[in-house]
Structures are given as structure tokens and as C-alpha cells.
Amino acid sequence: MAIIKIIDDDTEFMENLSLILRKEGYEVSTRDSIEGAEEELAEEMPDLLILDVIFPENPAAGFDLARNIRERKDLKKLPVILLTAVNQELPMDFSSKDIDPEWMPVEDFVEKPVNFEELLGKIKIFYHREAVDYSLITVSS
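Sequential numbering from -13 applies to the sequence shown in our numbering.
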């Protein structure tokens, strides 16, 4: 089964999400600090990263890490789902239309407070989409 890495400074949230994901059969690894996360990701090579945006040391640390991941040859294909409370913390209207390879290079995002069913649905859709072998699909007229 897939290995999911969660990086979030909210340890209670991570524990709850980890329990849900493990119940669904995923292997889960967590980290509550952004410092050193990039190196740890390169060592662990998870199948999916669930990443918070705002950390105490830097309110844009999640964005920065997502951009750094895309610049690294060994991590650039790592899928990222961003968790954000940015709409609550800052006067922004952040939405999925803001997903952009340059500014926000992630596959999807979920707004905090997280609806666990919504997040789990996004994870399942992502893995189903990744499992499809498009070379086997034929189109006939």
C-alpha cells in the first residue's frame, strides 16, 4: 500500500489523520516541523505528501517546501496535497484555481479545518487515477 507523509505542526490533527489513513490501509509517516523536512523526504521517498502551509517559523513554509520539491530531481514527481488555513489567517481568497506550476506546484489542496472525508476522497481519487494504465485504453469511433 502507499506511503503517505504528513508534515504539519498540529500534532493532534496529524494523529487523527494518521489513524484514519492507517485504517484505510495506508502506511503513514509524520513530521511536526518543516526544518529538515526536504532531506527527510528524499530519504523516505513517500508516495504522497500532505503538507501544511503555515508553520510558526514561517507562514509560507509549506509553499516554499512545495517549490523546493519541484526543483529537486529526486523529489519533483512527489505528489503534494496542501493543507491551508490561509483564508482564515490572511485576507486571501485562496482556492483550487490558484494551483499553478510556478506559484503553487501541488496536485490539490484542502482548506482547514479539514473535512477528513473530503481529504480521504481526494487521496483515493488520486491513487485511482495514478493506478490507471492509459496505454491499455483504446478509443473507437
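We put the beta carbon where it would ideally sit given N, CA and C, even for glycine. Note that this is a predicted model, so its numbers are computed, not measured.
Taking each of ASP(-5), VAL92, LYS9 in turn and checking the Cα distance to ILE40, the smallest one comes out for ASP(-5). If you draw a straight line from the Cα of ASP50 to the Cα of PHE95, it comes to about 15 Å. When C-alpha distances from LEU35 are compared across GLU13, PRO45, PRO99, ALA46, the shortest belongs to GLU13. According to DSSP, residue pairing for ARG56 in a beta bridge does not occur.
In the structure shown, ASN101 adopts coil according to DSSP, grouped into three states. In the structure shown, the three-state DSSP call for LEU64 is coil.
Pairwise C-beta distances place the region -2 to 8 out of contact with the region 26 to 33, as fewer than three of them are shorter than 8 Å.
Taking C-beta separations shorter than 8 Å and ignoring five residues to either side along the sequence, the partners of ILE6 in its chain run PHE102, LEU106, following chain order.
With 16 or more neighbouring CB atoms inside 10 Å of its own CB, LYS(-9) falls in the buried class. For GLU29, the enclosing alpha helix (DSSP H) has its first and last residue at 23 to 30. Contact between GLY48 and ASP38 holds, with the beta-carbon distance rounding to 5 Å and staying under 8 Å.
Of the other Cβ atoms in all chains shown, 16 or more fall within 10 Å of the Cβ of ALA52; this residue is therefore buried. With a beta-carbon spacing of about 5 Å, ILE(-7) and ARG17 fall inside the 8 Å limit used to define contacts. A distance of 9 Å or more separates the beta carbons of ILE67 and ASN44.
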